[in-house]
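Participant: Protein chains in written order, with the numbering used here: chain A, 1 to 201; chain B, 202 to 557.
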Amino acid sequence: MTDRSTHTHFSAPARVLHWLVAALVIAMLFIGMAMVSTVSAARPWLLASHKAIGVVILGLVLVRLVVRWRRPPPPLPADLPRWIRMAAAASHIALYALMLTLPLAGWAMLSAAGDPLWIAGGMHLPPLWPVDAGDYAALRHLHRWLAWLLALAFLAHLGAALWHALIRRDGVFAGMVRRGPRSGAVIKAPPGPAPGPSQGD
Amino acid sequence: MQAEPDHPPPRVRASTILRRGVVGIVPLLVAAAFGYAGGWLDPARLTPAVIVDDLQRNAGLQPGYRRNHAKGVCVVGHFDSTGAAARHSRAALFAPGRTPLVGRFAIGGGNPAAADGAGPVRSLALRLTQADGQQWRTGMNNMPVFPVSTPTAFRAQLLANRPDPATGKPDPAKQAAFFAAHPEAAVFRAWAKSTAPSRSYADQDYYGLNAFVFVDANGRRQPVRWRVVAEASPVDEPPEETLEQDLVARLRQGPLRWTLHVVFAAPGDPTADATRVWPADRPDIVAGEIVLTRVEAQDHGACRDLNFDPLVLPDGIQASDDPLLPARSAVYAVSHLRRTSEGTGAAQADRSHGHD
Chain A
1 MTDRSTHTHF SAPARVLHWL VAALVIAMLF IGMAMVSTVS AARPWLLASH KAIGVVILGL
61 VLVRLVVRWR RPPPPLPADL PRWIRMAAAA SHIALYALML TLPLAGWAML SAAGDPLWIA
121 GGMHLPPLWP VDAGDYAALR HLHRWLAWLL ALAFLAHLGA ALWHALIRRD GVFAGMVRRG
181 PRSGAVIKAP PGPAPGPSQG D
Chain B
202 MQAEPDHPPP RVRASTILRR GVVGIVPLLV AAAFGYAGGW LDPARLTPAV IVDDLQRNAG
262 LQPGYRRNHA KGVCVVGHFD STGAAARHSR AALFAPGRTP LVGRFAIGGG NPAAADGAGP
322 VRSLALRLTQ ADGQQWRTGM NNMPVFPVST PTAFRAQLLA NRPDPATGKP DPAKQAAFFA
382 AHPEAAVFRA WAKSTAPSRS YADQDYYGLN AFVFVDANGR RQPVRWRVVA EASPVDEPPE
442 ETLEQDLVAR LRQGPLRWTL HVVFAAPGDP TADATRVWPA DRPDIVAGEI VLTRVEAQDH
502 GACRDLNFDP LVLPDGIQAS DDPLLPARSA VYAVSHLRRT SEGTGAAQAD RSHGHD
C-alpha cells in the first residue's frame, strides 16, 4: 500500500506525529515569543519548557522523516496548478528544514554561551558548539530569524490547509485527519475539485 | 483563457463566503495571537529590553560592556566546601571538596570609565562549575538589601535617575519623588549614605540579596540567603590607587578568602522582598571558603563573556518566589546578547585598565 499513485491518506503514524508535532511547534512559537518579552516569574518556567520541548521536537521530526521515507505522503490532486504543487513541495521542505535547524541552533547557541545543558527532567546534552561569545551572539540571532521563518511557514501551511479543507474540499486535508480506505478495498480516485471555474492554467 | 459564458455568473453562496473568510481570517488571528504573546498589543508591558534601554540611556551606550556594573575585573579561584551545607542542599558543590570558579568584581553603574569612588556599591559575581557540568552562578552586592523589591519599581528608579539633558545629572526632584513613593528603598538609602566607597574589593562582604531555596537529598525545601564574608581585614595594608590595582597587589601576596555563609529563613520570613533583611538570629552556617587566586583584566579574562545569570543553578538550589530573580535573569540575557553582538575583540579592550 505504499504506491504513491494510489493512496489518498497519510498513514496513522504519520498523522499522529503530524498533529503532535504541530501542537508542540505552535506551543514553542508562543512560548518563545512570550519568554523573551517578559520579566515575570513565567519566564524561567517558559525557558525550561522551551528547552525540553525543543529536544522532543528534534527527536520527533527525525522519526517523522523516517516514517515519511518509508511511506511517502499521498500525491496532491492532479488538477492542482503546477506552481501550487511546487510551492507545496518547497514549503514542506522549508518546514522540515526549520523544524530540524531551530532546535539545533538553540542547542548550539546554549553550548556557545557556556551554559549548562541540563534540560528539564534531568536530561544532559553534550555541547554542540565550542564556547565562544561571538558565535553565541550569531547563533542567538540565527535562532530568532529561523523562528520568524518557521512562524511564517506555519501560517502559510495553516492557510493552505484551510484552503484545501474549506474552499477546494479536495481531500488533501482529509488525508491528514482521517483514516484512509481499508487495505484491500477499492481505492476511489480523490474527490474532484469544488464545483466552479476550472483551476486550469 | 476561456471566453466568458454569456449568462450571469452563479451567485456566490453565503456559506462559500463564510468559508473563504475563515481561510483568510484564521491565519491572521493566529498571527495576532503570536503578537499578543510577544507583548506587541500591550505597549505598557515591562520587557527586559525596556529595562536595558533605560540602563543604556542612563549611562550612555558603551558598546561591548555590561549594561550595568560595567567597570570590573575578572578573578579565578575555587570554592572549598566544608560539607556543612550538604545536608541542606544536594548540590554536588556542597559535598566536601573543591569546585573551580570564575568571578568578577565590579562597581555599580553602567559607565566602564567611572571613578571607583563615584558610589559605594561593589559587586562580586561567581560561577562555580561542578564536575558534572552543572553550574552555580550568583551575582552579589556589598549591601545587605536591594533598593527595590519589584522589576516595576526598579524601572521607576531608573527613570528617576535618568540624567536631565540640561544638566547631565539626574533631576533631584524626580529622585525625591521616587523615594517618597518607595519607602522600601529607605534601608538601602541609609546604607548608601553611611557607607564610604571602599578602596578595596577585598575587605567587602557580598550579599546574595535575593532568597533562594535549598533542596536536600530527600526533596526537603528550605528558603535561604547567602553571603560571603571577607577574611581580609581592612587595615591589612594601605590600598593602592584603584580598586583593580589594589586587587592585583593583594593577590600578588597570596590568595584572598571569603567564607560562604548560608542563612535559613524561619517561617514567615519574606522570601519575595529583597529590601528586607531577615532577623539576625536565623540559623547561619559556613558552607565553605571562596578562595581567589588570580586576577585577569576584564577585556580578555574568563569572566568577560559570562552572563552571571542568577537563575543558572545546580540541582539542589532553586529560585525563590522573589520577582527580582526572573527579572535579573531576563535583563542580564538581553545585556549579554547586546554586548556579545557588539563584538568582544581588541576593539572593546579597556586599555586604561590593562595591567599585564
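For glycine and all other residues, C-beta sits at the position ideal for the given N, C-alpha and C.
Flag Phe509(B) as yes if its beta-carbon sits less than 7 Å from any beta-carbon of chain A, otherwise no.
Facilitator: Start at 1 with the first residue of the second sequence, and residue 509(B) comes out as number 308. Not an interface residue.
Participant: Please report how far the alpha carbon of Pro264(B) lies from the alpha carbon of Asp482(B), in whole angstroms.
Facilitator: Your numbering for residue 264(B) matches position 63 in the second sequence. Your numbering for residue 482(B) matches position 281 in the second sequence. Spanning the two alpha carbons is a distance of roughly 45 Å.
Participant: Of the residues that make up the stretch 66 to 90 of chain A, which ones have a beta carbon closer than 9 Å to any beta carbon in chain B?
Facilitator: From the stretch 66 to 90 of chain A, no residue has a Cβ closer than 9 Å to chain B.
Participant: Flag Trp129(A) as yes if its beta-carbon sits less than 7 Å from any beta-carbon of chain B, otherwise no.
Facilitator: In the first sequence, residue 129(A) corresponds to position 129, counting from 1. No, Trp129(A) lies away from the interface with chain B (no Cβ there is under 7 Å from its Cβ).
Participant: Near Leu149(A), what residues of its chain come up, given a Cβ to Cβ distance below 7 Å and the 5 sequence neighbours on each side ignored?
Facilitator: Position 149 of the first sequence holds residue 149(A). Result list for Leu149(A): Leu98, in chain order.
Participant: To the nearest angstrom, report how far apart Glu543(B) and Gly134(A) are at their CA atoms.
Facilitator: The residue labelled residue 543(B) in the question sits at position 342 within the second sequence. The residue labelled residue 134(A) in the question sits at position 134 within the first sequence. Their backbone Cα atoms lie some 9 Å apart in a straight line.
Participant: Measure the beta-carbon distance from Thr541(B) to Tyr96(A) and round it to whole angstroms, keeping in mind my assumption that it falls under 8 Å.
Facilitator: Within the second sequence, the letter at position 340 stands for residue 541(B). Within the first sequence, the letter at position 96 stands for residue 96(A). Not a contact, Cβ separation roughly 30 Å.
Participant: Taking Cβ-Cβ distances below 9 Å as the criterion, which residues of the stretch 438 to 466 of chain B are in contact with chain A?
Facilitator: Within the stretch 438 to 466 of chain B, no residue qualifies.
Participant: For Leu110(A), decide whether its Cβ has a neighbour in chain B, counting only Cβ atoms nearer than 7 Å.
Facilitator: In the first sequence, the residue the question calls residue 110(A) occupies position 110. It does not; no Cβ of chain B falls within 7 Å.
Participant: Distance cutoff 7 Å, beta carbons only. Does Gly409(B) sit that close to anything in chain A?
Facilitator: Numbered from 1 along the second sequence, position 208 holds the residue referred to as residue 409(B). Answer no: the Cβ-Cβ gap between Gly409(B) and chain A never drops below 7 Å.
Participant: List the endpoints of the continuous alpha helix (DSSP H) containing Asn259(B).
Facilitator: As a working mapping, residue 259(B) is identified with position 58 in the second sequence. Residues Pro249 to Ala260.
Participant: Name, in chain order, the residues that DSSP records as bridge partners for Leu461(B).
Facilitator: Translated into the one-based positions of the second sequence, residue 461(B) becomes position 260. Answer is Val429(B) and Gly489(B), bridged to Leu461(B).
Participant: Can you tell me the Cβ-Cβ gap for Thr472(B) and Ala412(B), rounded? I've got them flagged as a contact below 8 Å.
Facilitator: Indexing the second sequence from 1 puts residue 472(B) at position 271. Indexing the second sequence from 1 puts residue 412(B) at position 211. Yes, they are in contact, since the Cβ atoms of Thr472(B) and Ala412(B) sit about 4 Å apart, within 8 Å.
Participant: So the candidates are Ala403(B), Ile252(B), Pro511(B) and Arg214(B); which of them puts its Cα closest to the Cα of Thr443(B)?
Facilitator: Position 242 of the second sequence holds residue 443(B). That would be Ala403(B), whose Cα lies nearest to the Cα of Thr443(B).
Participant: Please tell me whether Val213(B) and Leu162(A) are closer than 7 Å, where the distance is taken between their beta carbons.
Facilitator: Position 12 of the second sequence, counted from the start, is the residue given in the question as residue 213(B). Position 162 of the first sequence, counted from the start, is the residue given in the question as residue 162(A). It is not a contact, given that the beta carbons lie outside the stated cut-off.
Participant: Between Asp474(B) and chain A, is there a C-beta pair that is closer than 7 Å?
Facilitator: Reading the second sequence from its first residue, position 273 is the one you call residue 474(B). For Asp474(B), the answer is no, since every Cβ of chain A falls outside 7 Å of its Cβ.
Participant: Excluding the five sequence neighbours on either side, which residues of its own chain have a C-beta within less than 6 Å of the C-beta of Asp255(B), listed in chain order?
Facilitator: Position 54 of the second sequence, counted from the first residue, corresponds to residue 255(B). Counting only Cβ-Cβ distances below 6 Å, and skipping sequence neighbours, we find Leu359.
Participant: To be precise: take each residue of the stretch 14 to 31 of chain A, compare its Cβ to all Cβ atoms of chain B, and keep it if any distance is under 7 Å. Which residues remain?
Facilitator: Taking 7 Å as the Cβ-Cβ cut-off against chain B, the residues of the stretch 14 to 31 of chain A that qualify are Leu29 and Phe30.
Participant: At a CB-CB cut-off below 9 Å, which residues of chain B make contact with Asp115(A)?
Facilitator: Within the first sequence, residue 115(A) is the residue found at index 115, counting from 1. Going along chain B in sequence order, the residues near Asp115(A) (Cβ under 9 Å) are Gln336, Asn508, Asp510 and Val513.
Participant: Would you call Lys51(A) buried or exposed, if buried means 16 or more other Cβ atoms sit within 10 Å of its Cβ?
Facilitator: Within the first sequence, the letter at position 51 stands for residue 51(A). It counts as buried.
Participant: Quick check: what's the CA-CA separation for Gly106(A) versus Arg363(B)?
Facilitator: Position 106 of the first sequence, counted from the start, is the residue given in the question as residue 106(A). Position 162 of the second sequence, counted from the start, is the residue given in the question as residue 363(B). About 36 Å.
Participant: Within 10 angstroms of the Cβ of Asn419(B), are there 16 or more other Cβ atoms? Answer buried if so, exposed if not.
Facilitator: Numbered from its first residue, the second sequence carries residue 419(B) at position 218. Burial call: exposed.
Participant: Enumerate in chain order the residues of its own chain whose CB-to-CB distance from Leu507(B) is below 7 Å, with the five nearest sequence positions on each side excluded.
Facilitator: By one-based count along the second sequence, residue 507(B) stands at place 306. Once the five neighbours on either side are set aside, the close Cβ partners of Leu507(B) are Val303 and Arg328.
Participant: With the cut-off set at 7 Å, would you say Val414(B) and Ser521(B) are in Cβ contact?
Facilitator: In the second sequence, residue 414(B) corresponds to position 213, counting from 1. In the second sequence, residue 521(B) corresponds to position 320, counting from 1. In this structure, Ser521(B) lies closer than 7 Å to Val414(B) by Cβ.
Participant: Assuming contact is defined by CB atoms lying nearer than 7 Å, are Ala361(B) and Gly340(B) in contact in what I supplied?
Facilitator: Taking the second sequence and counting its residues from 1, one reaches residue 361(B) at position 160. Taking the second sequence and counting its residues from 1, one reaches residue 340(B) at position 139. No, the Cβ-Cβ distance between Ala361(B) and Gly340(B) is not below 7 Å.
Participant: By how many angstroms is the C-alpha of Val463(B) removed from the C-alpha of Leu457(B)?
Facilitator: Here residue 457(B) refers to the residue found at position 256 when the second sequence is read from its first residue. Here residue 463(B) refers to the residue found at position 262 when the second sequence is read from its first residue. So the two alpha carbons sit approximately 20 Å from each other.
Participant: Considering Cα atoms alone, identify which of Asp516(B), Val535(B) and Ala528(B) is closest to Thr330(B).
Facilitator: Looking up residue 330(B) in the second sequence gives position 129. For Thr330(B), the nearest C-alpha among the options comes from Asp516(B).
Participant: Buried or exposed for Gly309(B), going by 16 or more other Cβ atoms inside 10 Å?
Facilitator: Numbered from its first residue, the second sequence carries residue 309(B) at position 108. Under this definition Gly309(B) is a buried residue.
Participant: According to DSSP, simplified to helix, strand and coil, what is Thr101(A)?
Facilitator: As a first step, residue 101(A) must be located in the first sequence, where it is residue number 101. In this structure, Thr101(A) counts as helix in the three-state DSSP scheme.
Participant: At the 7 Å Cβ level, is Met33(A) part of the contact set with chain B, yes or no?
Facilitator: The count along the first sequence starts at 1 and reaches residue 33(A) at position 33. Judged by the 7 Å Cβ criterion, Met33(A) is in contact with chain B.
Participant: Using the three-state DSSP reduction, which class does Arg338(B) fall into: helix, strand or coil?
Facilitator: Counted from its first residue, the second sequence places residue 338(B) at position 137. The answer is strand: DSSP assigns Arg338(B) an E or B state.
Participant: Is there a Cβ from chain B that is less than 7 Å from the Cβ of Ala105(A)?
Facilitator: For this step, residue 105(A) is matched to residue 105 along the first sequence. Output row for Ala105(A): interface = no.
Participant: Could you check how far apart the C-beta atoms of Ala386(B) and Phe380(B) are, in whole angstroms? I think they sit under 8 Å.
Facilitator: The residue you call residue 386(B) lines up with position 185 of the second sequence. The residue you call residue 380(B) lines up with position 179 of the second sequence. Their Cβ separation, rounded to whole angstroms, is 6 Å, which keeps Ala386(B) and Phe380(B) in contact under 8 Å.
Participant: Beta-carbon of Ser542(B) versus every beta-carbon of chain A: anything under 7 Å?
Facilitator: Position 341 of the second sequence, counted from the first residue, corresponds to residue 542(B). Yes, contact with chain A.
Participant: Quick one: using the 10 Å Cβ neighbour count with 16 as the cut-off for buried, is Ile218(B) buried or exposed?
Facilitator: In the second sequence, residue 218(B) corresponds to position 17, counting from 1. The residue in question, Ile218(B), is exposed, as its Cβ has fewer than 16 Cβ neighbours within 10 Å.
Participant: What's the C-alpha gap between Ile57(A) and Val322(B)?
Facilitator: On the first sequence, position 57 is the one that residue 57(A) refers to. On the second sequence, position 121 is the one that residue 322(B) refers to. Their backbone Cα atoms lie some 45 Å apart in a straight line.
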